[in-house]
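Residue numbers (my numbering): 1 to 109.
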């Protein structure tokens, strides 16, 4: 019975210490820096609901090879610029595991 009481007391005392240590570890992690890559391509489809543009893009040097894929467009002003069939130059922003497109400009022939 005495061992059970000790375990309970130790568990109660250990919880705040563990939480404090985890908070310190999380605070000590450096912030994730954004990386930016220029992109050129053509808007193939727009998914209004999810704000995703399917773009057939050239190689994005340092990020990915040429392909057709969906990119999130989180900024409403950037989304408003897009239309299917439009040729664009833009910036792919990468932050941690997330990436999205910004600074969209139409490329006129």
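Where is the CB? At the ideal position from N, CA and C, for every residue including glycine.
Leaving out five residues on either side along the sequence, give the residues of the same chain with a beta carbon under 8 angstroms from the beta carbon of residue 58.
If we look at residue 58 and ignore the five residues flanking it on each side, its Cβ neighbours are 39, 40, 41, 66.
Expressed to the nearest angstrom, what Euclidean distance is found between the alpha-carbon atoms of residue 50 and residue 72?
Roughly 8 angstroms between the two C-alpha positions.
Since residue 41 sits in a beta bridge, which residues does DSSP pair it with?
Answer is 57, 88, bridged to residue 41.
Taking DSSP as the reference, what is the three-state secondary structure of residue 103?
Strand.
Would you kindly work out how many angstroms separate the C-alpha atoms of residue 106 and residue 87, rounded to a whole number?
Going by the C-alpha atoms only, they are around 6 angstroms apart.
With burial defined as no fewer than 16 other Cβ atoms inside 10 Å of the residue's Cβ, what is the status of residue 43: buried or exposed?
Residue 43 is buried by the Cβ-count criterion.
Please report the residue range of the alpha helix (DSSP H) in which residue 65 lies.
Per DSSP, residue 65 belongs to no alpha helix (DSSP H) and is neither H nor E.
So, helix, strand or coil for residue 78, using DSSP?
It is helical.
Taking the beta carbon of residue 77 as the centre, do at least 16 other beta carbons fall within 10 Å, making it buried, or is it exposed?
Exposed is the call here.
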